[in-house]
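Peer 1: Numbered according to mature numbering (1 follows the signal peptide of the UniProt record, and there is no 0), the sequence shown spans residues -18 to -1, 1 to 121.
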Amino acid sequence: MKKLLAVLVCGVALTACSNEIPMSNTWQVTNVYTSPDVPSQVPVPAYLVFGDSTVTGSTGCSEIQGRVSFTPDAAQPTHASFRDMNFRDASCEGSQRFFHDQMVALLGGELEVKKEKDEMLLTKTDGLDRPGIRLVAAN
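(1) Identify whether G39 lies in helix, strand or coil by the three-state DSSP scheme.
(2) Taking DSSP as the reference, what is the three-state secondary structure of L30?
(3) Specify the secondary structure class of M5 as computed by DSSP and reduced to three states.
(4) Just checking my contact of K97 with P59 at CB under 8 angstroms: how many whole Å lie between their CB atoms?
(5) Taking P27 as the reference, give the member of T53, Q78, D66 with the closest Cα.
(6) Within 10 Å of its beta-carbon, does R116 have 16 or more other beta-carbons around it, so buried, or fewer, so exposed?
(7) Quick one: give me the first and last residue of the alpha helix (DSSP H) that R79 is part of.
(8) May I have the straight-line CA-CA distance separating Q23 from T12, to the nearest angstrom?
(9) Quick check on residue 125: buried or exposed, where buried means 16 or more other Cβ atoms within 10 Å of its Cβ?
(10) Which residue or residues does DSSP assign as beta-bridge partners of V50?
(11) Taking 7 angstroms as the limit between beta carbons, can you name the residues of its chain near M(-18), skipping five residues before and five after?
(12) Apart from the five residues on each side of it in sequence, which residues of its chain come closer than 8 angstroms, Cβ to Cβ, to P18?
(13) Kindly indicate which three-state DSSP category T(-4) falls into: helix, strand or coil?
Right, here's the structure in full:
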């Protein structure tokens, strides 16, 4: 009976974890939060793809490439540190350029990570009304 209970508990635990989207996935950028009075919805498709220690993607205007590390680890991150970020010259204007510039500003240094199932929020670690980026898993 104890063995059966142990097997059931392990099965439930594994099933609960199976709904969690891994970091090594394509994440669509849905919102860039900069200020409460500025619209946050991204005007063009933008995305990030995380590897073990790399990040690539697009702001919708420019390709992105850089390095990232997660603490405590990529399985359950609470913080992400972005470094050596490279952005190609953006050839866009208007709201597309505004969101490109905001993503460039946000994707540098330390960000707090809040990840739940297929959604993730990356925010600056200090201040009130902290700027951030909302992403959803693009399966």
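Virtual Cβ for every residue (Gly too), placed ideally from N, Cα, C.
Being a predicted model, the structure only gives us computed values, none of them experimental.
Peer 2: Quick answer:
(1) strand
(2) strand
(3) coil
(4) 7 angstroms
(5) Of the listed residues, the one whose Cα sits closest to P27 is Q78.
(6) buried
(7) 76 to 88
(8) Rounded to whole angstroms, Q23 to T12 spans 6 angstroms at the Cα level.
(9) In the structure as shown, the chain starts at -18 and stops at 121, and residue 125 therefore has no counterpart that could be examined.
(10) F64
(11) Confidence at M(-18) is low in this model, with a pLDDT of 46, below 50, so the placement of that residue should be treated as unreliable; the coordinate-derived value is given next. So no residue of the chain qualifies.
(12) D111
(13) The pLDDT assigned to T(-4) is 37, lower than 50, so where the model puts this residue is not dependable; a value taken from the coordinates is nonetheless given after this. Three-state DSSP puts T(-4) in a helix.
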